[in-house]
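Taking UniProt numbering, the leading residue of the sequence shown gets 1, the next gets one more, and so forth.
Structure record follows, encoded as structure tokens.
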Amino acid sequence: MEKNILLTIEYDGSEFSGWQKQPDRPTVQGYLEKVLSDLLKREIALSGTSRTDAGVHARGQKASFRTDINIPTERLALVINNILCGHEKGAFALSPVKIVSAEERPLDFHARFDSKGKKYIYRIRNSKETDIFMRNYMYHVAAPLDMDAMKTAAGYIVGTHDFKSFEASGGTPRETTVRTIFDIDIKENIYRIDNVNDGDIGRDIELHVSGDGFLYNMVRIITGTLVDIGTGRIPLYDMKKILEAKNRSKAGHTAPPYGLYLAEVYY
């Protein structure tokens, strides 16, 4: 009997050219489809919720596929993860991709088109000192950031707006650039760097952004704009003007991909 399986997927995007399958490039979709096709002895095509870019990570990517499968659904994640780890070199090697869960959904369910929204997390290391071991997982900003200014500016983008100013060129054309941001929360953890600059203070910052949908590079441009406001490069109250301008050149820089995580998909 054919089943419609929904996977929840984590991955380290630093090794991949994004989610979407591409010829002659390593992608998460292509990697997983090959593993699933080999396992099930038939061609498997995954329908992913978000086409994350090269270097972007995921804690809660969703993808569905339909097939006649004999493996019990509750064991599928374990079976796939064992195969993924078996592809890696070394007895203790872990795969950069992990299936968090597998569940059966109705046959007419689609991981992308039935999605009601998503949550992204963007991570920033705000410190004079760099950490090379975090270079693929956080955006390092050396200049001090005004957290109060960033939080105030973030409040302007909550709600339903035309986010044309926060859309990069090159993405799939959309019928509308109007989106709704449900919530944006900026969290920080302050820590002391021992034996460096007499105990320099650093901050790990997380931007949690949820909404009904996002334009191409939208979260990264929002983040870059907030960083520019935090450093004083863009005045705080220009955020409202940037929204109203509907012009990409008015917003701040595009933050790098490696600080971005797809955290959750809503259904």
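By construction, the Cβ of each residue, glycine as well, lies at the ideal position given by its N, Cα and C atoms.
With the rule of 3 Cβ pairs closer than 8 Å, the region 200-215 counts as touching the region 120-128. Counted as a single uninterrupted DSSP element, the alpha helix (DSSP H) harbouring E33 occupies residues 28-40. Y237 sits in coil when the DSSP states are folded into three classes, being neither helix nor strand. By the 16-neighbour rule on beta-carbons within 10 angstroms, Y261 is buried. Excluding the 5 residues flanking it on each side, A102 has same chain C-beta neighbours closer than 6 Å at I5, L7, T73, L76, A77, in chain order. When DSSP states are grouped into helix, strand and coil, S101 belongs to the strand group. The region 90-110 and the region 245-254 do not touch, with fewer than three beta-carbon pairs separated by less than 8 Å.
Separation of E104 and I222 (C-alpha to C-alpha, rounded to the nearest whole angstrom) is 35 Å.
If you draw a straight line from the Cα of K89 to the Cα of S95, it comes to about 10 Å.
When only Cα atoms are considered, G86 and S37 end up about 16 Å apart.
For V56, there is no enclosing alpha helix (DSSP H), as DSSP marks it with neither H nor E.
Taking the Cβ atoms as the reference, E33 lies roughly 7 Å from K21, within the contact range of under 8 Å. Counting only residues of its own chain and dropping the five nearest sequence neighbours on each side, V35 has a CB closer than 8 Å to the CB of I80, I83, L84, H87. Rounded to whole angstroms, the separation of the alpha carbons of I186 and D148 is 10 Å. DSSP places A142 in no alpha helix (DSSP H); its state is neither H nor E.
Contact between I184 and A154 holds: CB atoms are separated by about 5 Å, below the 8 Å threshold. Using a 10 angstroms sphere on the CB of T27, the tally of other CB atoms reaches 16 or more, which defines it as buried.
Per DSSP, reduced to three states, the secondary structure at F16 is coil, with no helix or strand assignment. The region 159-184 is shown to contain whole beta strand (DSSP E) runs of 3 or more residues at 159-162, in chain order. Residue pairing from DSSP places N189 in a beta bridge opposite D204. Residue R220 holds the alpha-carbon nearest to the alpha-carbon of P256 among R220, Y237, A263.
Distance check between L243 and each of K164, D204, S50, R233 places K164 closest, using alpha-carbon atoms only. The continuous alpha helix (DSSP H) containing R75 extends over residues 73-86. Only residues of its own chain outside the window of five on either side were considered, and among them R179 have a CB closer than 6 Å to the CB of G213, listed in chain order. At a Cβ-Cβ threshold of 9 Å, G224 and H253 count as neighbours. For the pair I9 and A93, the CB atoms are not nearer than the 9 Å cut-off.
Secondary structure of D68 (DSSP, three-state): strand.
Shown here for Y156: same chain residues with a beta carbon closer than 8 Å to its own, the five before and five after excluded, namely M239, K240, L243 in chain order. The shortest C-alpha to C-alpha distance from T172 to any of V56, N70, P235, S50 is the one to S50.
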